[in-house]
Every structure is written in structure tokens, then in C-alpha cells.
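If you're matching them up, the sequences are chains A and B in order.
The opening residue of the first sequence carries number 1 in this note's numbering; numbering runs sequentially from there.
The opening residue of the second sequence carries number 132 in this note's numbering; numbering runs sequentially from there.
Shown next, in C-alpha cells, is the structure this report addresses.
Number of protein chains: 2
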Amino acid sequence: MSVKRSNSQKQIISVLKELKEEINAQDLYVKLRQRGDKLGLATVYRGLKALKLEGTIQERVSPTGESFYSVISKEHQHHLNCVGCGRSLSLDTCPLEQQALEPYQAENFKVFYHTLEFFGLCSVCQNQQPN
Amino acid sequence: MSVKRSNSQKQIISVLKELKEEINAQDLYVKLRQRGDKLGLATVYRGLKALKLEGTIQERVSPTGESFYSVISKEHQHHLNCVGCGRSLSLDTCPLEQQALEPYQAENFKVFYHTLEFFGLCSVCQNQQPN
DNA sequence: TTTTTATTTAGTAATGATTATCATTATACT
DNA sequence: AGTATAATGATAATCATTACTAAATAAAAA
Numbered sequence: 001m002s003v004k005r006s007n008s009q010k011q012i013i014s015v016l017k018e019l020k021e022e023i024n025a026q027d028l029y030v031k032l033r034q035r036g037d038k039l040g041l042a043t044v045y046r047g048l049k050a051l052k053l054e055g056t057i058q059e060r061v062s063p064t065g066e067s068f069y070s071v072i073s074k075e076h077q078h079h080l081n082c083v084g085c086g087r088s089l090s091l092d093t094c095p096l097e098q099q100a101l102e103p104y105q106a107e108n109f110k111v112f113y114h115t116l117e118f119f120g121l122c123s124v125c126q127n128q129q130p131n
Numbered sequence: 132m133s134v135k136r137s138n139s140q141k142q143i144i145s146v147l148k149e150l151k152e153e154i155n156a157q158d159l160y161v162k163l164r165q166r167g168d169k170l171g172l173a174t175v176y177r178g179l180k181a182l183k184l185e186g187t188i189q190e191r192v193s194p195t196g197e198s199f200y201s202v203i204s205k206e207h208q209h210h211l212n213c214v215g216c217g218r219s220l221s222l223d224t225c226p227l228e229q230q231a232l233e234p235y236q237a238e239n240f241k242v243f244y245h246t247l248e249f250f251g252l253c254s255v256c257q258n259q260q261p262n
């Protein structure tokens with residue numbers, strides 16, 4: 001009784017895996033078409049949703065409201081998000097001790113992954129007039 | 132040379148402070164009108180943006196893409212976010228040690244606040260057919 | 001293999017939160 | 001007061017995402 005997985009979902013996972021970088025739905029759509037995969041944008045969204053519910057991929061909603069997807073891996077990334085320009089800088093370490101997370105695995109909630117995001121002003125936006 | 136702050140911004144802060152709960156822009160707009168404050172929705176958005184850039188309030192973008200605002204305080208909250216139904220359960224402790232965060236205060240990025248979010252399936256959605 | 005049924009898909013319209021625009025009003029400065 | 005600057009309201013525009021519908025594909029039954 002294995003998980004049924006449509007063609008489009010396989011293609012999506014394939015691209016996400018070789019990327020090893022988060023990507024938004026529309027760029028992913030372009031990447032798939034470039035590879036020659038023939039699928040529509042709505043199908044990409046559907047596939048992403050299904051994979052998200054399986055716990056296979058994770059979603060990060062950026063300050064601009066758009067979602068970025070990536071396969072869930074131990075080497076997850078966190079970001080410094082600028083509230084000025086909206087850009088995100090990747091961090092290469094996670095300040096969370098693994099054992100600190102365990103209590104949250106319980107209480108009737110199956111945790112797939114976590115996100116830790118920092119918000120503030122990047123150097124560029126610090127030296128800039130607000131508008 | 133103190134910070135200039137418009138009437139609308141004062142009203143927004145006032146409501147956010149008495150709330151002590153995150154709220155989205157449109158509900159905030161309704162709350163302000165109910166108090167008798169006369170301002171438009173666009174002004175609410177403008178005020179929230181300005182206060183965000185000041186580092187006075189924080190924004191959390193929910194999985195559905197809408198933003199929730201609250202005053203930045205030491206007693207910040209984290210959530211368990213269900214990837215199924217989108218509901219958020221508040222946690223009452225932060226697993227992050229304060230000293231673990233200090234390194235991220237440096238490197239040309241002024242950190243106002245952080246968010247730590249857990250994603251997975253709530254008990255209801257675990258016992259439900261995917262659709 | 002044909003027929004039947006359920007699933008998947010593409011294309012596109014609809015949605016909804018947020019942002020841009022622009023004319024108007026309030027505020028600051030001389 | 002008179003002019004420059006900033007703030008505001010109303011509403012149109014934007015844009016990622018979702019809903020919808022009909023067609024295509026796959027799976028199951030006969």
C-alpha cells in the first residue's frame with residue numbers, strides 16, 4: 001500500500017531535489033517547462049499542495065506573501081528578512097538545539113518541519129530614507 | 132528630533148497594544164472604525180508599513196498569505212501551523228535560548244524580532260482524507 | 001480488448017489581500 | 001495669510017493563488 005503519486009508530482013519532486021534551493025511556484029513552472037515537461041501552472045500548484053500535505057516538501061511564505069518550496073531536509077535554512085526591501089539572506093547555521101524541539105513533537109500535532117526567521121533592516125535599507 | 136508620528140499611527144498602536152493579540156489589517160480597520168476613529172483602509176496599511184519599518188510592530192505572514200500584526204514584545208509567540216487546515220495554535224514558550232540569537236544581531240543586519248514556526252498536521256487533519 | 005468509472009489535467013475566470021494612483025485635505029514653514 | 005509638504009480617502013490595479021469546467025488520461029470492470 002504505497003503512496004500513489006502522479007506523474008506531475010514526480011516531476012516536481014525531481015526538480016526540487018536537483019535544485020536543493022527553495023523556489024516559488026511560478027519559477028518552478030518555468031523550470032519544468034524548460035525541461036520539456038508538459039504541465040500547466042494549476043497542476044504545479046496542485047502538486048505542491050499534495051506534497052506539502054504528505055510532509056515531503058516545505059513551504060515558506062515570504063514577507064511579500066509569496067510561497068517558496070523545497071524538499072524537507074536536515075540541512076534546512078533560515079533567513080534574515082529585510083522588512084524594508086523584502087529580500088532574504090540565507091543563514092548557514094540553525095541556532096535551535098535539536099533537543100529543544102522535541103517537546104513540540106507531542107501534543108497531537110505531527111511536526112514536519114520548522115522555520116526560524118529573523119526580521120529587521122538590511123544594511124542598504126538602514127541607510128535609506130523611508131518612503 | 133523625536134519620531135514624527137501621525138494620528139492614524141497613534142490610533143493603530145493604541146489598538147494593537149490593548150489587543151495584545153496579533154490581528155490582520157482588515158480586522159484592525161474594523162476595530163478602529165468601531166472605536167469611532169475615522170480612517171480609510173489604505174491608511175491602515177500605510178500606518179502598518181511605517182510602524183513595521185520603525186521596528187515598532189511585527190508582521191507574521193500566515194500560510195494563507197495574509198499578514199498579522201502585533202507590537203514587538205519580549206513575550207513573543209510562536210505557533211504550530213497546520214498545513215492541512217491552515218489554523219495556528221499558539222505556543223506559550225520559546226525554545227530559543229536568548230544567547231543563541233546574539234550572533235545574528237551582527238553582520239550588518241539590524242534584527243527587530245524573530246519568528247519560529249512549526250508546520251505539520253493537527254490532530255483533526257491527521258484523521259482526514261486528503262482532497 | 002471494449003466499456004465504465006474515477007482521477008488528473010489544462011486553460012482560464014474568479015478571488016482576495018495588498019498596493020498604486022490621484023485628487024483632496026490637513027499640517028508645517030516663511 | 002500663502003505656499004510647500006505630507007497625509008488621507010476612495011477606488012482601480014496588481015499579482016499570487018484558487019476555483020471551475022470541460023477534456024484527457026488512467027484504472028477498474030466486464
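We put the beta carbon where it would ideally sit given N, CA and C, even for glycine.
- No residue range can be given for A:Gln77, since it is assigned to no beta strand (DSSP E) and is classified by DSSP as neither H nor E.
- Chain A places no beta carbon closer than 8 Å to that of B:Thr187, leaving this residue out of the contacts.
- A:Arg60 counts as buried, since no fewer than 16 other beta carbons sit within 10 angstroms of its beta carbon.
- Taking C-beta atoms as the reference points, B:Thr187 and A:Glu117 fail to come closer than 8 Å.
- Shown here, A:Gly55 sits in coil according to DSSP, grouped into three states, outside any helix or strand.
- If you draw a straight line from the Cα of A:Leu51 to the Cα of B:Val202, it is about 35 Å long.
- With the criterion set as a beta carbon lying under 7 Å from some beta carbon of chain B, the region 28-48 of chain A has no members that meet it.
- DSSP, read as helix, strand or coil, puts B:Val192 in strand.
- The beta carbon of B:Leu163 sits closer than 8 Å to the beta carbons of Gln142, Ile143, Val146, Leu170 and Val175 from its chain, once the five residues preceding and following it are set aside; these are given in chain order.
- Secondary structure note for A:Val83: it is in no alpha helix (DSSP H), with a DSSP letter that is neither H nor E.
- Listed by position along chain B, the residues whose Cβ is nearer than 7 Å to that of A:Glu117 are His245 and Thr246.
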